[in-house]
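First residue of the sequence shown: 1, per the UniProt record's numbering; consecutive thereafter.
Here's the structure, in structure tokens; my notes come after.
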Amino acid sequence: MLLLNSYPKTDNCVEVAANDPAAVLVRDSKNRGGAVLRFEPEEWAYFLEEIKR
């Protein structure tokens with residue numbers, strides 16, 4: 001899993017698993033037993049492009 005942080009000194013982190021070619025999984029790093037969001041790789045790529053703007 002890759003840990004992404006929205007700002008260097010906050011606790012607002014998510015974990016992203018992108019090692020499966022069929023899905024990208026995202027969860028809250030502070031609630032690992034909670035909900036996991038599943039994205040198609042194309043959806044995730046689109047999301048990343050949009051947040052770069």
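Beta carbons: idealized from backbone N, C-alpha and C, even for Gly.
Here the structure is a predicted model, which is why all the values come from computation and not from measurement.
Relative to the alpha-carbon of residue i, which residue among the options has its alpha-carbon at the smallest distance?
i	options	result
Asn19	Phe39, Tyr46, Arg53 and Lys52	Phe39
Gly34	Leu25, Lys52 and Ile51	Leu25
Asn12	Phe47, Asp28, Glu43 and Pro21	Asp28
Using a Cβ-Cβ distance cut-off of 8 Å, determine whether residue i contacts chain D.
i	result
Ala35	Considering every chain present, this structure includes no chain D. It has just one protein chain.
Quick one: what does DSSP say residue i is sitting in, helix, strand or coil?
i	result
Ala45	helix
Glu50	helix
I need the straight-line Cα distance from residue i to residue j, nearest angstrom please.
i	j	result
Lys30	Glu15	9 Å
Ala23	Tyr46	14 Å
Glu42	Arg32	24 Å
Buried or exposed for residue i, please, with buried defined as at least 16 other CB atoms from any protein chain shown within 10 angstroms of its CB.
i	result
Val36	exposed
Assuming residue i is part of the beta strand (DSSP E), what are its boundary residues?
i	result
residue 56	Here the chain covers residues 1 to 53 and nothing more, so residue 56 does not appear.
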